[in-house]
Amino acid sequence: MKVTVLVFSIFLFSGFAPRLEGQSSKKATTVAAPIPPQIAAAQKVFVSNGGGESIEALTDGLLLDGGPDRPYNEFYTAIKGWGHYDLASSPAEADIVFEVSWVFTPPNAFTNPNAKLSIGDAYPLGELKVGIIDPKTHITLWTIKESIRGALMLSNRNKNFEQAMNTVVTRVRSLVQPVANTSGAGIN
Numbered sequence: 010m011k012v013t014v015l016v017f018s019i020f021l022f023s024g025f026a027p028r029l030e031g032q033s034s035k036k037a038t039t040v041a042a043p044i045p046p047q048i049a050a051a052q053k054v055f056v057s058n059g060g061g062e063s064i065e066a067l068t069d070g071l072l073l074d075g076g077p078d079r080p081y082n083e084f085y086t087a088i089k090g091w092g093h094y095d096l097a098s099s100p101a102e103a104d105i106v107f108e109v110s111w112v113f114t115p116p117n118a119f120t121n122p123n124a125k126l127s128i129g130d131a132y133p134l135g136e137l138k139v140g141i142i143d144p145k146t147h148i149t150l151w152t153i154k155e156s157i158r159g160a161l162m163l164s165n166r167n168k169n170f171e172q173a174m175n176t177v178v179t180r181v182r183s184l185v186q187p188v189a190n191t192s193g194a195g196i197n
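Residue numbers (this note's numbering): 10 to 197.
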């Protein structure tokens, strides 16, 4: 019995040892793909209102303050205040176009009659989206999306909108002025 176990063990380990060794020595690495150079090189930008859902039409102005153009107005103001870009008056004058939109995401209970929505649910209100477009080729170079968390109180929904907008603007800035990666590793 001991000899059979010994022979089986030798067979088992000799047959699988090279494969196991090869698998464990491979380490998955992720290399950060390049950011399109047009984004960092741009000096003039055009901010476009990509539209989307009308906040007022959906809720008669009760979902968020600021009306349906709030995402466009706030993004435009943030880019202008940053001072990194000159704002073009038309896409033809711009090096890149920022297309800002907002899409309402109804809670599951709105679309699924069998789902239950409790008063404490913080469903997403929607998604802010900024597409970065090359106006010469009309190709989308990059897209940034950020969910807007829902809340029971209007003031908290407005804060959540501001937080999502700040995240989007921060991500645009990081594309233009990326933080140096000193660890030598890629994106996790």
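Cβ atoms here follow ideal geometry from the backbone N, Cα and C, with glycine treated the same way.
Check, Outcome
"Bounding residues of the beta strand (DSSP E) (the contiguous stretch that carries Thr149)", "Ile148 to Arg158"
"C-alpha distance - Val56 paired with Val185, whole-angstrom precision", "16 Å"
"According to DSSP, residues forming a beta bridge with Ile142", "Val106 and Thr149"
"Coarse secondary structure for Ser57, derived from DSSP in three states", "strand"
"DSSP bridge partner residues for Gly135 (one or two, in chain order)", "Phe113 and Ile157"
"Option in Trp151, Lys168 and His147 with minimal Cα separation from Gly159", "Lys168"
"Where Leu184 sits in the DSSP three-state scheme", "helix"
"Rounded separation between Lys89 and Leu96 - CA only", "7 Å"
"For Asp232: DSSP bridge partner residues", "The structure shown does not extend to residue 232, since the chain is modelled only from 10 through 197, so no value can be given for it."
"Three CB pairs or more closer than 8 Å across the stretch 37 to 48 and the stretch 72 to 84", "no"
"Between the CA atoms of Met174 and Glu136 - distance to the nearest angstrom", "10 Å"
"Exposed unless 16 or more other CB atoms sit within 10 angstroms - verdict on Leu161", "exposed"
"Within 8 Å, strictly: CB atoms of Lys53 and Glu108", "no"
"Reference Gly59; option with closest CA among Ile48, Glu171, Ile142 and Arg180", "Ile142"
"C-alpha distance - Gln51 paired with Ile105, whole-angstrom precision", "Before going on, a small fix: residue 51 reads as Ala here, not Gln. One C-alpha to the other measures close to 6 Å."
"Val6 burial status per 10 Å Cβ neighbour count (16 or more: buried)", "Any question about residue 6 goes unanswered here, given that the chain covers just 10 to 197."
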